[in-house]
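First up is the structure itself, then whatever we jot down about it.
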Amino acid sequence: MARGDGGAAEDLGDPTGDPEDLVAIIATGGTTGPAKGVRVVNRSWGAMVETVVNAMPCEAPVCLATAPLTHAAGPVAMAAMAMGATVVILPRFDPLMVMEAIQRHRVTHMFLPPTALYSMLAHPQVGDFDYSSLKYFLLAGSPVSPDKLKQAVTVFGPCMCQSYGQTECHMIATWLPPQAVAAAAAGDHPERLSSCGRATYSVRVELMDDEGRLLPPGEPGEIVARGALVGGGYFEMPEATAEARAHGWHHTGDVGYRDADGYLFIVDRKKDMIVTGGFNVFCAEVEAAVMELDEVRECAVVGVPDEKWGEAVTAIVAFNPGAEITEAAIIAHCKQRLGGVKAPKAVHIWPEVPRTPAGKFDKKAIRARFWSGAGRNVN
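Per this note's numbering, the sequence shown runs over residues 28 to 406.
Shown next as structure tokens:
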């Protein structure tokens with residue numbers, strides 16, 4: 028990088044903060060399709076930082092950044108710097124390295140995707156370190172298993188929290204604070220362990236049907252958002268931008284519902300639903316049931332081609348070290364919890380569930396193993 032010449036920097040500001048000026052182009056996670064470049068602008072980035080700072084206040088904050096900085100770890104670190112935080116950056120995610128760093132640096136703030144949390148909970152040394160400095164252990168990027176979240180409160184203390192957002196609607200459209208998670212883990216509204224919280228003040232969040240109608244509490248629909256947190260659309264993709272803004276709202280592509288108290292529950296990706304025997308099955312619901320089993324470290328559910336069902340619900344499972352459970356026992360557990368339609372028709376035991384660079388389960392790669400040669404990804 029070239030050094031500056033020591034002269035004065037150009038003043039790029041104006042009285043309103045240049046709200047639509049470009050801050051960055053950040054790639055989407057590419058969970059269900061090719062990654063797009065999201066135009067992050069002053070307005071949306073500033074709203075994100077302000078919302079995070081207000082949601083996670085702390086004296087003398089220390090932020091640990093270990094997940095990719097191009098993912099949610101980057102915005103969390105940037106918001107922490109706005110608090111005056113020390114930011115500790117690790118070269119990669121390693122469960123033992125993270126646990127040691129929390130104790131050594133007295134970390135107060137940290138983001139990880141749920142898959143990384145599961146690796147920490149399964150580590151044989153997870154109980155050997157002091158986590159009392161943690162104020163906010165943030166989970167985001169994908170739904171978390173309620174049972175693993177409850178276990179995490181026991182291990183790491185009343186610091187567990189969740190947010191929901193996207194690259195397009197930056198990170199904290201909803202917020203489930205540590206107090207709500209700890210209360211739910213203790214038995215007060217335990218269903219909220221499955222929630223990603225309530226809408227933050229910087230954005231309006233609603234549920235919408237395919238005709239553009241907003242839905243009342245209890246009815247599932249696509250999660251849509253409006254407000255300063257929504258970014259500036261996709262870079263050089265006007266058609267994709269227009270599609271994502273149909274009916275005057277930003278469309279997340281996620282399906283969820285809201286309870287009477289305003290808590291949002293995500294059930295699946297709209298384009299990632301399994302249609303089996305004419306019924307819609309939400310992958311996240313099946314994954315949560317499988318993750319209730321102590322032997323299971325991680326689970327991803329996909330639909331695979333099936334002559335009878337069209338698509339068969341299929342679970343890809345990795346075990347905790349030294350643990351074993353039969354495929355039949357996993358299926359029987361899910362049948363008891365969910366019924367025969369939603370229960371997996373097959374379970375595949377893999378050493379690891381493939382992940383994207385952002386740490387999410389790479390369902391495109393998983394499906395490719397089952398759908399190659401099918402000619403299309405529906406059946």
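Even glycine gets a Cβ: it sits at the ideal position worked out from N, Cα and C.
- According to the DSSP secondary-structure assignment, glutamine 189 is paired through a beta bridge with Leu166 and Leu203.
- A distance of 8 Å or more separates the beta carbons of glycine 304 and arginine 66.
- Using a Cβ distance threshold of 8 Å, serine 229 and alanine 74 count as a contacting pair.
- Residues of the same chain with a CB within less than 7 Å of the CB of arginine 131, apart from the 5 flanking positions on each side, do not exist.
- Using a 10 angstroms sphere on the CB of histidine 274, the tally of other CB atoms stays under 16, which defines it as exposed.
- Following the DSSP letters along the chain, one finds alanine 287 in no beta strand (DSSP E), marked with neither H nor E.
- Partner residues in the beta bridge of isoleucine 376, as assigned by DSSP, are Val344.
- Residues Val76 of the same chain have their beta carbon placed closer than 8 Å to that of methionine 105, with the five preceding and five following residues left out of the count.
- Proline 88 is classed as buried because its beta carbon has at least 16 other beta carbons within 10 Å across all chains shown.
- By the criterion of a C-beta distance shorter than 6 Å, arginine 394 is surrounded in its chain by Val329, once the five residues flanking it on both sides are discounted.
- Taking the CA atoms as reference points, valine 317 sits about 29 Å from histidine 136.
- Residue ranges of uninterrupted beta strand (DSSP E) with 3 or more members, entirely inside the region 210 to 282 and ordered along the chain, are 231 to 235 and 248 to 253.
- Cβ-Cβ separation between serine 169 and proline 140: approximately 6 Å, consistent with a contact (criterion under 8 Å).
- Proline 332 has Glu338 as its beta-bridge partners, per DSSP.
- Contact check for alanine 287 against proline 247 fails: the beta carbons are separated by 8 Å or more.
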